[in-house]
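A.B. asks:
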Amino acid sequence: MVILSGAKALAESLRREDVRHLFGITGGAIMNLMHKLWEYGEAEEIRMITCRHEQCAAHAAEGYAVASGDVGVCFATSGPGATNLVTGIADAFLDSRPIVAITGQVPTNLVGNDAFQEADIIGSTMPITKANFQFHRVKDIPLLTKMAFKIAKTGRPGPVLLDFPKNVQIGEEHVEFPDGEIEIPGYNPTLKGHPRQIKRIAKVLKNAERPIMIAGGGTISAMANNEVLELAEMIGIPVINTLMGKGIIPETHSLSLGMAGMHGHMCANSVINQSDLIFAVGMRWSDRITGKLEYFAREATIIHLDIDSAEIGKNVGVHYPIVGDAKIVLRQIVEELKKLEATKPNGWMQKIKQLKEKCHCNIPLTDIQPIKPQQVMRLLREHIDSKTIVTTGVGRNQMWAAHYLSVGPRKFITSGGLGTMGFGFPAAIGAKVAKPDHWVVDVDGDGSFLMTQQELATSVIEDIPVTVIILNDQVLGMVRQWQNLFFEERYAVTDLGPKGFKKRVPDFAKLAEAFGANGILVERVSEIGPAIKEAKESDVTTVIDVQIDRNENIYPHLPSGAKLEEIIPCPSWTEAE
């Protein structure tokens, strides 16, 4: 045991958790911790990255967590600093991303007295964290910190908050650091599947004639890509992914049907109601996937594997539930299927092949104006390799990226559950910090990028070069699409540019240059490829402002509350015979 201040105790606890990067903004109520972390920075053990908004610090921690497979850490001062983290914490909660958020707090004797820059961040974040702790004694800091990291990264991953009152930061006590693994009373996530249920599920999978698998973000979190692919190939089960499950198997694979749901591929949505068995893995049956619930897959037997038992049966009735870690349970099922000598349903495989052949919505690369966003994605795809990470904003830009770009697991980073505009750019910064040898490209919309564009300063000053491709249509694109299809083309409060769209505001290329980044304006298709090549080779953040057609909608599009079969298809879609 040693005598340490609270600030030193937390700084040392972070080092022992192998934290190497933190994203945030300092302030009066967190300065003491920053003072102690500075010592680790001087020793090049811990790097503190100064963001320009606390929400962006949380999103950067998310991007770091996904790209690295480890816990991302962000920090803020009390009051408005802490509350600015809330959107990012909520985003991490809904998308099951392991982050630890550290907030400064007023001294404990002032908590509840409406002190300067006081906010009840514990109460505010209780619904959107796996756990949150407020330090009251210095000696408790090492154990609570170790608990926070274990809770964040085990079971269903998610955010944990540590609230740090100022008097506890400066107080001193004898401190002991726990060694090895710790037990947390009442916290014991189930990892292995029940053996009897494994046997039942293996038999059901073996006997299915028209099976499909829907892989969600839980398969990515569990790093279960090899197990998903092995199971799919073993029994010939086509794999559909949710938005958060993108990249779980190569999308060029004959068994991959791509993304399902509101803006999913027609072939993926088409087979759901034709299947006799749906094996859902690590997904939560979002309304964006199911459409009108009472008409969803009425003839199918449902198997649901998830590490969070609360998700099973919450939205969709399940015939065969199983709780556990996706990687571990899928491995158990594969081993059981080997004993059963499962075969592939050939007729179903032929149907899947026909559907995939029809599932194309391509746009030719003719030099037309305004540019079609599909053209940008096709040309970007040519530059993507195994060391490329794609992040996105939220809106049509997000869906075009999901449709047209193909990357591996943990290399497509987007905001799913909360749908947070502004997510893409700070998440790209976090991903680049986690994987400095990768090219990180943010596919963004003008409306989304404007919400967090101040992080250009962070990327330039902290030397974190990323590429931003802005699909600039001068509108809130996804909302405008809904207005176009369902609101009599009344474009209320969605125009972001001057009337008539004769001038684009702002000039993103000049904005980038004002921050010391590169800026490239693209107005013709022939300029897209060279701009992307220049950005990829640049050692400084590059913003490519692509002037796209604001009238180009993303298809398919499932109206809210509609049945899956009522989806509005891509104009070139034709149902396979």
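Numbering (this note's numbering), first residue to last: 695 to 1271.
Cβ atoms here follow ideal geometry from the backbone N, Cα and C, with glycine treated the same way.
#1: Following the continuous beta strand (DSSP E) through ASP1136, name the residue where it begins and the one where it ends.
#2: Judging by CA-CA distance, which residue of PHE1143, ALA962 and LYS1204 is the nearest neighbour of PRO1263?
#3: For PHE810, which three-state DSSP category applies?
#4: Compute the Euclidean distance between the alpha carbons of GLY1113 and ASP1243, then round it to the nearest angstrom.
#5: Given this structure, state the Cα-to-Cα distance separating THR744 from GLN1175, to the nearest angstrom.
#6: I'd like the list of long-range same chain contacts for PHE827, defined as Cβ closer than 6 angstroms, with 5 residues on each side in sequence excluded.
#7: By how many angstroms is the C-alpha of GLY1007 removed from the C-alpha of ARG890?
#8: Should THR1082 go down as buried or exposed, given a rule of 16 or more other Cβ atoms within 10 Å for buried?
#9: I'd like to confirm the pairing. Which residues does DSSP put opposite PRO1015 in its beta bridges?
#10: Give me the residue from GLU1228, ASP1000, GLY1210 and PRO944 with the minimum Cα distance to TRP1133.
#11: Could you have a look at VAL1234 and say whether DSSP puts it in helix, strand or coil?
#12: What does the alpha-carbon distance come out to for the pair ASN882 and LYS844?
#13: Based on DSSP bridge pairs, tell me the residues matched to GLU867.
#14: Would PRO821 be called buried (16 or more neighbouring beta carbons within 10 Å of its own) or exposed?
#15: Among the candidates LEU925, GLU945 and ASP873, whose CA atom is the shortest distance from the CA of GLY1102?
#16: Quick one: what's got a C-beta closer than 8 angstroms to VAL1216's C-beta in the same chain, skipping five residues either side?
#17: Determine the contact status of PRO905 and PHE871, defining contact as a CB-CB distance below 9 angstroms.
#18: Beta-carbon separation of MET1071 and ILE972 under 9 angstroms?
#19: Taking the alpha helix (DSSP H) that GLN828 falls in, what are its first and last residues?
#20: Whole angstroms is fine: what's the gap from GLN1048's alpha carbon to GLY735's?
#21: How should GLN1092 be labelled, buried or exposed, when 16 other C-beta atoms within 10 angstroms of its C-beta is the threshold for buried?
#22: Determine whether the beta carbon atoms of ALA896 and ALA1036 lie at a separation below 9 angstroms.
#23: Hey, quick one: how far does the alpha helix (DSSP H) through HIS729 stretch, first residue to last?
#24: Using the C-alpha atoms, what's the distance from ASN1040 back to LEU923?
#25: Sort ASN920, ALA1004 and HIS1013 by Cα distance to ALA994 and report the nearest one.
#26: Between GLU1271 and ILE942, what straight-line distance do the alpha-carbon atoms span, to the nearest angstrom?
C.D. replies: Concretely, from the data shown:
#1: If you look at ASP1136, you'll find it in the beta strand (DSSP E) that goes 1133-1139.
#2: Nearest option by C-alpha distance: ALA962.
#3: coil
#4: 23 angstroms
#5: 37 angstroms
#6: LEU838 and LEU856
#7: For ARG890 and GLY1007, the distance between alpha carbons rounds to 20 angstroms.
#8: buried
#9: By DSSP's assignment, PRO1015 forms a beta bridge with HIS998.
#10: GLU1228
#11: coil
#12: 11 angstroms
#13: Per DSSP, LEU698.
#14: exposed
#15: GLU945
#16: Counting only Cβ-Cβ distances below 8 angstroms, and skipping sequence neighbours, we find ILE1065, ILE1222, ALA1225, ILE1238, ASP1239, VAL1240 and GLN1241.
#17: no
#18: The beta carbons of MET1071 and ILE972 sit no closer together than 9 angstroms.
#19: Per DSSP, GLN828 belongs to no alpha helix (DSSP H); it is in the beta strand (DSSP E), 825-828.
#20: 57 angstroms
#21: buried
#22: yes
#23: 725-736
#24: Taking the straight line from one Cα to the other gives about 18 angstroms.
#25: HIS1013
#26: In this predicted model, GLU1271 has a pLDDT of only 31, less than 50, meaning its place in the structure is not dependable; the value taken from the coordinates is given anyway. Approximately 29 angstroms between the Cα atoms of the pair.
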